[in-house]
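In what follows, a single structure is set out as C-alpha cells and then discussed.
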Amino acid sequence: MNPFRRSNKVAAGGRTELSSLLYSFKRDFYIVGVFSFIINLILLVPAIYMLLVYDNVLASRNNITLIVITAIMIFMYVLMGFFEWVRSQLLIRIGNNMDRRMNSRLFQVAFEKCLKTGSTDASSVFSDFTNLRQFITGTGTIAFFDVPWVPIYVLVIGIIYWVLGVFAAFAALVLFLMAFLNEFVSKKRITASNNAYHAAASFASLNFRNADVIESMGMLENVKKHWHPKYQNFLGLQASASEKASAISGMTKFFRYLFQSLILGLGAYYVINGNIITGGAMVAASILVGRALSPVDLAIGGWKGFVSSRDAYNRLNQLFTAFPERQSGMPLPPPEGNIAAVNLAAVPPNTNLQVLKGISFEAQKGDMVAIIGPSASGKSTLSRMLTGVWTPAAGSVKLDGAEISSWDKNALGGYIGYLPQDIELLNGTVAENISRFGDIDSEKVIEAAKTVDIHEMILSLPNGYDTYIGEGGLVLSGGQKQRLALARAIYGNPKLVVLDEPDSNLDDIGGQALLNTLKKLKENQATVFVISHRTHILSVVDKIMLLAFGVIKIFGPGKEVLAALLAAQVKADGMAAVQTAQPREEAADFKNLSSE
C-alpha cells in the first residue's frame with residue numbers, strides 16, 4: 289500500500305520509522321481499497337444502463353422496464369455517493385491520525401535539524417510532511433486504488449466483443465507508456481525545481497533575520513542580486529518541468545478522447561456490418577473505455593504532486609534516520625554540579641574542523657571558572673559541550689560521573705542554566721521567557737528578575753511580566769535582552785551555569801547586577817563557567833582557564849593564573865598571548881588583581 293516503497297532506505301530492523309508509520313495504517317488502506325472496489329463496481333452501472341436502454345427499452349418500448357432500471361440506476365448512484373463520502377472520510381481520518389501520531393516527533397526532528405546542522409529552516413520539515421500527507425490522503429491514493437481496475441474494464445469490453453477488448457487494451461497500454469514517459473521526462477526536473485525553490489527560500493529566510501542591518505546600510509538590492517539568480521533558477525527549472533509535463537498531459541488527453549471516440553466508431557462498424565454487436569454494446573464499450581483510461585489520466589495529471597511528495601518522503605526519511613527518537617534512560621539523582629572533561633575533542637556540525645583538541649579538566653561543586661582566550665580559541669564551543677548542546681567528537685564531558693549527553697534533557701534542563709553569546713529570546717511574554725516556557729512560578733520568576741536587577745524595568749513595561757516581547761525580543765534593548773536571558777539562565781537556582789560573554793551588552797549598572805548574580809550563584813553552590821575577559825569578573829572567580837587554538841594553555845586558581853599572565857606579559861615571547869587573552873586597556877589591572 290506504499291507507493292514510495294522503492295525509494296525508501298530500509299533500516300537495519302526492516303522498515304524505516306516513516307515507512308512503519310504508513311504500514312501501521314494498512315488496515316485503514318485495506319478498507320479504502322474495499323470501498324474503492326465497490327465504487328468501481330458501481331461505475332459499471334452507466335455502461336449497463338446504456339446497454340439496457342438501447343437494446344431492451346427502445347426495442348420493447350416498455351415503460352415499466354425503463355422505470356425499473358432507472359430507479360435501480362439512481363439507487364446505485366446514491367450508494368456510490370455514500371461510499372465516496374465514506375472513503376473520503378477514511379482518508380481524512382488517516383491524515384488526522386498521521387498528524388496526531390507524528391506532530392511531536394516532527395517537532396523534535398525540526399528542532400534537532402536546527403540544533404545540529406545550524407539550519408534556520410525548521411518549517412521545511414512540517415511542509416514536507418504536509419505534502420506527503422496531502423498526497424496520500426488525496427487523489428493520489430484514489431488513483432492508486434483505481435488503476436488496478438483498468439484490466440477489469442478492458443476484460444468486460446472484451447466480453448462484449450474481443451476486437452473491442454484488444455483495442456481497449458492497446459489504448460490502456462499507450463496511456464501507461466505516456467505515464468512512464470512523464471516519469472522519465474519530468475522526474476529530475478521537478479526534483480531539481482523543488483531543491484532550487486528550497487535554496488532560494490532558505491537564502492531569503494536566513495538573510496531576513498538581519499533585516500535591520502540590511503535596511504540600515506542599504507544592502508537590500510545587493511542581497512536581492514544574490515537571491516534573484518537562485519529564484520530564477522527555480523523558475524527556469526519549474527517552467528521546463530511544467531512544459532514537459534503539460535505537453536505529455538495534452539498528448540494523454542488527446543489519446544484518451546481519441547480512443548474513446550474511435551472505439552465508438554469501431555463498434556458502429558461492427559453494428560452496421562453483420563450485426564456482430566448491438567447499438568447498446570457499442571455505447572457501453574465507449575463508456576467503459578473512458579472509465580478504464582480515467583485512472584491513468586488522473587495519475588499523469590497528479591504526477592508532479594507524486595514526485596514532490598516522494599522527494600519529501602525521502603528527505604523526511606533521511607532526517608528521521610539522522611535524528612532518531614530520544615530515549616529516556618534510567619532516572620539519575622539530581623546533579624550536584626561536579627564536571628569532568630577527559631580528552632574532549634569537538635567538531636562543530638557541518639564542518640571537519642576540530643575546534644577542541646583533547647582537553648581535560650575538572651571543576652567541583654560550587655567552583656566558579658572563568659574561560660579566557662583569543663577569538664576562535666574554542667570558548668563558545670566548550671560552552672556548548674558543557675551544556676550538552678553538542679556531542680563530543682571524542683572524549684567525554686561528565687556531570688557527577690555520568691556522560692552529560694546520557695542525561696534525560698527534560699529532567700536535567702531545570703538544573704542547567706545557559707546564556708549563549710548570541711542572545712535569542714522566545715516568542716512569548718517576559719514571564720514565559722524567564723520561566724523557560726514551563727509552569728510559571730511567580731515567586732521564582734520575580735526572584736530571578738530581582739537577582740539580575742531588572743524587576744523595576746519589567747514593571748515599567750506596558751503589561752509588566754505579562755508583556756509580550758515579540759519574536760526575538762524586539763521591544764527590548766540589547767542590554768535588557770541580555771539581562772532577561774540571564775534571569776532565564778538562573779531561574780530555579782540551577783546547579784550548573786554556563787555564561788558566554790554575559791557582559792557584552794551591559795552598562796555599569798548591568799555589570800554590577802552581573803557581579804551580584806555571580807555572588808548569588810556562589811552562595812547557592814552552583815558550578816559556574818563564565819566566558820569573559822573583564823577584570824571585575826576575573827576578580828571573583830575561583831579558577832581561570834586560558835584556551836588557545838583549541839587546547840588549554842593554563843588552568844588553575846584564579847590568582848595564580850593572573851600572576852602567571854602578569855609575568856608572561858613582561859616577557860617578549862609571551863606578549864602576543866597576553867594581548868590576545870586580555871584587552872590592552874585591562875592589562876594594567878592584572879598587577880592589582882594578582883596582589884589582592
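Letter by letter, the sequence shown follows residues 289 to 884 of the numbering used here. All residues carry an ideal CB built from backbone N, CA and C; glycine is no exception. Please read these numbers as outputs of a predicted model, since none were measured by experiment.
Unbroken alpha helix (DSSP H) runs of length 4 or more, entirely within the stretch 414–468: which are they?
427–434 and 438–448
Reference A681, options L554, A651, I424 and I647, closest by Cα:
I647
For L367, which three-state DSSP category applies?
helix
Mark Y545 as exposed unless 16 or more other C-beta atoms lie within 10 angstroms of its C-beta, in which case mark it buried.
exposed
Whether A633 touches G683 by CB criterion (8 Å):
yes
Return the CA-CA distance between G446 and I424, expressed in angstroms with no decimal places.
33 Å
CB contact check: R724 to chain D, cutoff 8 Å:
Reference to chain D is not applicable here, since this structure consists of a single protein chain.
What are the start and end residues of the alpha helix (DSSP H) that includes S534?
L508 to I560
Rounded straight-line distance, which links the Cα of G568 to that of L885
Given that the chain is displayed from residue 289 to residue 884, the structure contains no residue 885 and the question cannot be resolved.
Residue nearest to K893 in terms of C-alpha spacing, selected from G676, K653, N715 and T353
Coverage of the chain is limited to positions 289 through 884, which leaves residue 893 absent and any answer about it impossible.
For V839, which of helix, strand or coil comes out of DSSP?
strand
Can you tell me which of the three DSSP states T885 falls into?
No information on residue 885 is available, as it lies outside the stretch 289 to 884 that the chain covers here.
Put P845 into one of helix, strand or coil per three-state DSSP.
strand
Residue span of the beta strand (DSSP E) that contains L641, given as start and end:
Where L641 is concerned, there is no enclosing beta strand (DSSP E), given that its DSSP letter is neither H nor E.
If you draw a straight line from the alpha carbon of D599 to that of P583, how long is it in whole angstroms?
23 Å
Please say whether V571 and Y342 have beta carbons closer to each other than 8 Å?
yes
Let me know the secondary structure DSSP gives A736 once reduced to three states.
helix
Hey, I825 and G846 are a contact pair by Cβ (cut 8 Å); roughly how many whole angstroms apart?
Contact doesn't hold; Cβ gap of about 10 Å is too wide.
Buried or exposed: which applies to V816, given that a residue is buried once 16 or more other Cβ atoms fall within 10 Å of its Cβ?
buried
Any idea which residues DSSP pairs F817 with across the strands?
V657 and V786
Any idea if T739 is buried or exposed, counting beta-carbon neighbours within 10 angstroms, 16 or more meaning buried?
buried
On the premise that I327 lies in contact with M368, defined as a C-beta separation below 8 Å, what is that separation, rounded to the nearest angstrom?
6 Å
Report all residues from its chain with a CB closer than 7 Å to the CB of I564; omit the five preceding and five following residues, and keep chain order.
Y449 and Y558
Taking only the alpha-carbon atoms, compute the straight-line gap between T679 and E471 and give it to the nearest angstrom.
42 Å
Buried or exposed for V454, please, with buried defined as at least 16 other CB atoms from any protein chain shown within 10 angstroms of its CB.
exposed
Beta strand (DSSP E) segment containing G705, residue limits:
I704 to L707
Given a threshold of 16 other Cβ atoms within 10 Å of its Cβ, counted over all protein chains shown, does V366 qualify as buried or as exposed?
exposed
Based on the DSSP secondary-structure assignment, which residues constitute the bridge partners of V685?
A629
Considering only residues of the same chain and omitting the five flanking positions on each side of A587, which have a CB-CB separation below 7 Å?
A431, V435 and A467
Extent of the continuous alpha helix (DSSP H) run through Y779
Per DSSP, Y779 belongs to no alpha helix (DSSP H) and is neither H nor E.
E720 and I728 closer than 8 Å at C-beta
yes
Identify, in the order they occur along the chain, each residue of the same chain with its Cβ nearer than 6 Å to the Cβ of D416, setting aside the five sequence neighbours on each side.
A600, R603 and L604
What is the residue span of the alpha helix (DSSP H) that D796 lies within?
D796 to E811
In chain order, what residues of the same chain have a beta carbon less than 7 Å from the beta carbon of N793, not counting five sequence neighbours either side?
G766, G767 and Q770
Burial state of E789 (16 or more Cβ within 10 Å)
buried
Determine whether the beta carbon atoms of L764 and L772 lie at a separation below 8 Å.
yes
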